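Protein chains in written order, with our numbering: chain B, 778 to 1066; chain Y, 277 to 592; chain E, 140 to 559.
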């Protein structure tokens, strides 16, 4: 039993890492631009489908490398045309707009790739457990963690050491001052949105290896990602990361005792965290009113 | 002048609602659709009571919608077959739920508040889903029907007569919206507006902000559970998904679509949302993208919601 | 197909979808229909066309469409040509499904209602149909209650119940795969029905259930339940998840290598699901309610060809459900020489499906006591790649006739009450 619990905590961490990847993208956009992006699941699904369609030409690795960039490119365009109109307005309009976008995404994906799930093939050596004694770890899950770790490290390096990243962080704290200091805030927000969507696309490709690829693939992933952000606290990317890992562990542990409760437990956990810490684990006071 | 225009608008609105069962069929509508619009409009107005006039976003009002619905349905199924008793118990359960939840979360603000309300809705969903011996679980609460109203001297057959049921719902919506309007005009309502405009200043003025938000939350939940009970009666059916965040999301969208600072905005939002979904989905499988496009266009062209534009012209 | 008939088969949606070639004919047709309204019999189809059940709903609707074409070619129902009115019930919003059912009956005045893939939608629609005295056939909602505790005199069902599937699969499971069984299932009415059905039947057949886990609908990570299942060390892991959850759970079970350590089986598998799986995950023993590759059964090849012409793909069990639902109503109404609901209901009770509708070895019939169709089922195993056809992903090992697995009507809990 102890062993089962241990295995589940480990797998919970892995799934949590995946949620964290998606949540980090959402969090980046929310922090700098105050936009609650309900279309994130749509971008995720698009990333997955692009990888699926690219795979016959570029192979699994080509798809993995290129699809998130293509998704991010669309993200940049959508930010230019639509999302930009939301800045400085009540965040509720971002809800209406991105809900609308999510609807459009789902229909468009169904139109292009069909309603039925498509088989997304991953390399054989990833699609099996590591070894007989490590049966509780599949090659794909280890691979996922590696990719997430690389992406998160890269993200924190970008934010910590590049000019763009430093500006994004500064903008998150005080956008007006950053603007006054001569930074082109429009470009900054545009690139930041693209960065967030890149993470969504990457999460999509990773999800497609584990889940059935259908137009609704992102629907069930979006709410846990929001929960991860809230548990970690708005405004804190390390908090988002921690929130993702925590909800992963919580549902992994619950699965041992009451598998039916794995969905409910993350909400219970969020409620408990907020009762004790009204701004999440690492968050600042919710600036969004 | 402004007041007069507003009043004329309200009178026209009520004339349209009062005659709806007779003109709707001319435009391809049907009574059930009109009733649905009214019920969801009431739910959206209740969300807006909190959102538009207190400045607090609840993304979990489905919790009270569901409590009202299950309260009403289970009363008729298990306790006593009376439409009015079911409604009363549904609302009481909703209020009780809101009093407890509200007390626990009233310290939270902004997105945190919204998310924790989702959490409570999801927990109720889980309970309704799992406790199938009582709630019917995933199959929903069936095997009961709304009952004709017994007024002593006469009976109104709201069960078989759809139009009679429409008018019952309209009466409920009228009573609730009058109550909301009165509340908003009272000193209590003015205080809520003050909190919406500047919470910190309100606090400095010595207003017990948390207590007011709690009271506003409970009032809003009470109206939402009326809508929930009526919704259960509409189909003689309750489904655990009435509790889920997607349902709450629909209410918020209706409120924002119609214009969240205006009193009747959510009603317009609900009408647009429900009627369009009904009509477009009969024509094409791709109705979601058309509805989605509408949301996008609304944000781009109606920055304050559909009614917001009208209001701004009036200088309100 | 004659010109008249083509025009009669207009649906609101086809109108929009109509290509340039068909355009002229299609657009002209509504006027023909209006002019001949008295000769038209309308059929309401209330099935999911958006959300997770879209593929299943569409396939059922294709089956209905083909049946309507055939019925119209043979003179229609009691001399009236059939026209379908199709509505999207959505996959998960029961209130919308109910609203559409009311709209179809009250506003569009359909005489017969078909729906739904989703069991809870089906139960709710059945309640509306009974209230409004309209014959309703459930093509593919599997919850036992539809022809059990919640049965209605107006409602009939084509697909199986959980108890039926459990009985049918238990024998082969225990005898061929192993006695120690671990069940994982979705935590909703249908998942519980399948798990209960299997638990009862497998215990009777001499097997032991070493564990059962229910997980929430639309679960994405199955590592926890899979690890727990493996720790219990069963001979067989029975995966009862349907739809996308089925894809997710099988895919992950294979990634955990469970298919190499124990046998994987399930009770209800669908071609739509198998086609969504990567090749390495097309494994295990399953039950299909209908399968297209039945070389020696009459009329199946024609049916497959007709659906292929229409959709470019082979028919699935869902296509057959829709097809059989529509035909059953036509046959019963023609037998009763009436479309009056009570008469059609009595004609449906005990109705035997002729070979060109049955499309399976035995002769399926509607049981009078609970309105459940008694069909055969197909038990076999999946194959990674089709031999005769790319879509031939299932090998039928045995066909079990309905009489061998139907639980007695007295056990269903159904009491039909006709209006007096």
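Quick reminder that beta carbons are idealized off the backbone N, C-alpha and C, glycines included. Quick caveat: nothing in here was measured; it's all calculated off a predicted structure.
(1) Closest by CA to residue 344/E, which one among 361/E, 309/E, 208/E, 355/E?
(2) In the structure shown, what three-state DSSP assignment does residue 289/E receive?
(3) Assuming residue 427/E and residue 404/E form a contact by the criterion Cβ under 8 Å, report the distance between their Cβ atoms to the nearest whole angstrom.
(4) Give me the Cα-Cα distance between residue 387/Y and residue 539/Y, rounded to the nearest whole angstrom.
(5) Considering only their Cβ atoms, is the gap separating residue 517/Y from residue 223/E smaller than 8 Å?
(6) If residue 508/Y and residue 502/Y are in contact, beta carbons under 8 Å, what's the gap, nearest whole angstrom?
(7) Kindly indicate which residue of 485/E, 387/E, 495/E has the alpha-carbon position closest to the one of residue 206/E.
(8) Taking CB distances under 8 Å as the criterion, tell me whether residue 912/B reaches chain E.
(9) At a CB-CB cut-off below 7 Å, which residues of chain B make contact with residue 387/E?
(10) Is the Cβ of residue 516/Y closer than 8 Å to any Cβ of chain B?
(11) Hey, quick one: how far does the alpha helix (DSSP H) through residue 442/Y stretch, first residue to last?
(12) Any contact of the region 541-551 of chain E with the region 294-311 of chain E, i.e. 3+ C-beta pairs under 8 Å?
(13) May I have the straight-line CA-CA distance separating residue 942/B from residue 573/Y, to the nearest angstrom?
(14) Do you know how far the Cα of residue 313/E is from the Cα of residue 378/E?
(15) Measuring straight from C-alpha to C-alpha, what distance separates residue 356/Y and residue 530/Y?
(16) Which full runs of the alpha helix (DSSP H) of 4+ residues lie inside the region 811-868 of chain B, going along the chain?
(17) Do you know how far the Cα of residue 485/E is from the Cα of residue 469/E?
(18) Between the Cα of residue 968/B and those of 846/B, 881/B, 1025/B, spot the shortest distance and give me the residue it belongs to.
(19) At 4 residues or longer, what runs of the alpha helix (DSSP H) sit wholly inside the region 186-245 of chain E?
(20) Hey, how far is the Cα of residue 445/E from the Cα of residue 210/E?
(21) Looking only at C-alpha atoms, which of 530/E, 538/E, 539/E, 518/E sits nearest to residue 316/E?
(22) Run through chain Y and tell me which residues come within less than 9 Å of residue 1032/B, C-beta to C-beta.
(23) What does DSSP give as the partner residue(s) for residue 252/E in the beta ladder?
(24) For a cutoff of 8 Å on Cβ pairs, would you count residue 885/B as touching chain E?
(25) Relative to the C-alpha of residue 920/B, which residue among 781/B, 1044/B, 983/B is closest?
(26) Going along chain B in order, which residues have a C-beta closer than 7 Å to the C-beta of residue 311/E?
(27) Given residue 823/B, which residues of its chain have a CB within under 6 Å of its CB, disregarding the five upstream and five downstream residues?
(28) Anything in chain B within Cβ reach of residue 266/E, meaning under 8 Å, just list it in chain order.
(29) Quick test of the definition: if touching needs 3 or more C-beta pairs under 8 Å, does the region 297-313 of chain Y touch the region 340-357 of chain Y?
(30) Does residue 168/E come within less than 8 Å of chain Y when only Cβ atoms are used?
(31) Within the same chain, show all residues whose beta-carbon is closer than 8 Å to that of residue 242/E, passing over the 5 residues directly before and after it, in chain order.
(32) For residue 189/E, which residues in chain Y fall below 9 Å Cβ to Cβ?
(33) Is the region 460-468 of chain E close to the region 276-284 of chain E, with three or more CB pairs under 8 Å?
(34) May I ask you to report which of helix, strand or coil DSSP gives residue 902/B?
(35) In this structure, what does DSSP give as the bridge partners for residue 561/E?
(36) Compare the C-beta of residue 917/B against all C-beta atoms of chain Y and say whether one is closer than 8 Å.
Quick look at the numbers:
(1) Here residue 344/E refers to the residue found at position 205 of the third chain. Nearest of 361/E, 309/E, 208/E, 355/E to residue 344/E, Cα basis: 309/E.
(2) Taking the first residue of the third chain as 1, we reach residue 289/E at position 150. The three-state reading of DSSP puts residue 289/E in coil, since its state is none of H, G, I, E or B.
(3) Stepping through the third chain from its first residue, residue 427/E is reached at position 288. Stepping through the third chain from its first residue, residue 404/E is reached at position 265. For residue 427/E against residue 404/E, the beta-carbon gap comes to about 13 Å, at or over 8 Å, which does not count as contact.
(4) One-based indexing of the second chain puts residue 387/Y at position 111. One-based indexing of the second chain puts residue 539/Y at position 263. Roughly 23 Å separates the two Cα atoms.
(5) Looking up residue 223/E in the third chain gives position 84. Looking up residue 517/Y in the second chain gives position 241. The answer is no: Cβ separation not under 8 Å.
(6) One-based indexing of the second chain puts residue 508/Y at position 232. One-based indexing of the second chain puts residue 502/Y at position 226. At roughly 11 Å, the Cβ-Cβ gap does not stay under 8 Å, so residue 508/Y and residue 502/Y are not in contact.
(7) Position 67 of the third chain holds residue 206/E. Ranking the options by Cα distance to residue 206/E, first place goes to 495/E.
(8) As a working note, residue 912/B is residue 135 in the first chain. Interface residue (Cβ-Cβ distance to chain E less than 8 Å): residue 912/B is classified as such.
(9) Counting from one through the third chain, the residue named residue 387/E turns up at place 248. The answer, in chain order, is 988, 989.
(10) Residue mapping note: residue 516/Y aligns to position 240 of the second chain, counting from 1. With respect to chain B, the C-beta atom of residue 516/Y has no partner C-beta closer than 8 Å.
(11) Looking up residue 442/Y in the second chain gives position 166. From DSSP, the alpha helix (DSSP H) with residue 442/Y extends over 438-461.
(12) Touching, yes.
(13) Translated into the one-based positions of the first chain, residue 942/B becomes position 165. Translated into the one-based positions of the second chain, residue 573/Y becomes position 297. In a straight line, the C-alpha of residue 942/B is about 33 Å away from that of residue 573/Y.
(14) In the third chain, counting from the first residue as 1, residue 378/E sits at position 239. In the third chain, counting from the first residue as 1, residue 313/E sits at position 174. Distance between the alpha carbons of residue 378/E and residue 313/E is about 15 Å.
(15) Within the second chain, numbered from 1, the residue matching residue 356/Y stands at position 80. Within the second chain, numbered from 1, the residue matching residue 530/Y stands at position 254. When rounded, the distance between both Cα atoms is 34 Å.
(16) Complete alpha helix (DSSP H) runs here, min 4: 817-858.
(17) For this step, residue 469/E is matched to residue 330 along the third chain. For this step, residue 485/E is matched to residue 346 along the third chain. Approximately 13 Å between the Cα atoms of the pair.
(18) The residue you call residue 968/B lines up with position 191 of the first chain. Out of 846/B, 881/B, 1025/B, the CA that lies nearest to the CA of residue 968/B is found in 846/B.
(19) Entirely contained in the region 186-245 of chain E, the alpha helix (DSSP H) runs reaching 4 residues are, in chain order, 193-212, 233-241.
(20) Counting from 1 along the third chain, the entry for residue 445/E is found at position 306. Counting from 1 along the third chain, the entry for residue 210/E is found at position 71. Approximately 14 Å, taken between the alpha carbons.
(21) Along the third chain, one-based indexing puts residue 316/E at 177. Nearest option by C-alpha distance: 518/E.
(22) Along the first chain, one-based indexing puts residue 1032/B at 255. Within chain Y, no C-beta atom comes nearer than 9 Å to that of residue 1032/B; the closest sits roughly 15 Å away.
(23) Your numbering for residue 252/E matches position 113 in the third chain. In the DSSP output, where bridge partners are listed per residue, residue 252/E has 183/E, 275/E.
(24) Stepping through the first chain from its first residue, residue 885/B is reached at position 108. Taking 8 Å as the CB threshold, residue 885/B stays off the interface with chain E.
(25) Here residue 920/B refers to the residue found at position 143 of the first chain. Among 781/B, 1044/B, 983/B, the Cα nearest to that of residue 920/B is on 983/B.
(26) Position 172 of the third chain, counted from the first residue, corresponds to residue 311/E. Under the 7 Å cutoff, chain B gives no residues; its nearest Cβ is about 27 Å from residue 311/E.
(27) Numbered from 1 along the first chain, position 46 holds the residue referred to as residue 823/B. The answer, listed in chain order, is 848.
(28) The residue given as residue 266/E occupies position 127 in the third chain. None at all; the shortest Cβ gap to chain B is about 27 Å.
(29) Judged by pairs of C-beta atoms under 8 Å, the region 297-313 of chain Y does not touch the region 340-357 of chain Y, as fewer than three such pairs exist.
(30) If you number the third chain from 1, residue 168/E lands on position 29. Confidence in residue 168/E is poor, its pLDDT being 45 and thus under 50, which makes the residue's placement too unreliable to answer from.
(31) The residue labelled residue 242/E in the question sits at position 103 within the third chain. Short of 8 Å from the beta carbon of residue 242/E, and not among the five residues preceding or following it, lie these beta carbons of its own chain, in chain order: 226.
(32) Numbered from 1 along the third chain, position 50 holds the residue referred to as residue 189/E. Here the neighbours are 557, 561, 562, 563, 564.
(33) Yes: at least three Cβ pairs fall under 8 Å.
(34) By one-based count along the first chain, residue 902/B stands at place 125. Three-state DSSP puts residue 902/B in coil, outside helix and strand.
(35) This structure leaves residue 561/E out entirely; chain E is present only between 140 and 559.
(36) Your numbering for residue 917/B matches position 140 in the first chain. Between residue 917/B and chain Y, the shortest Cβ-Cβ separation is not below 8 Å.
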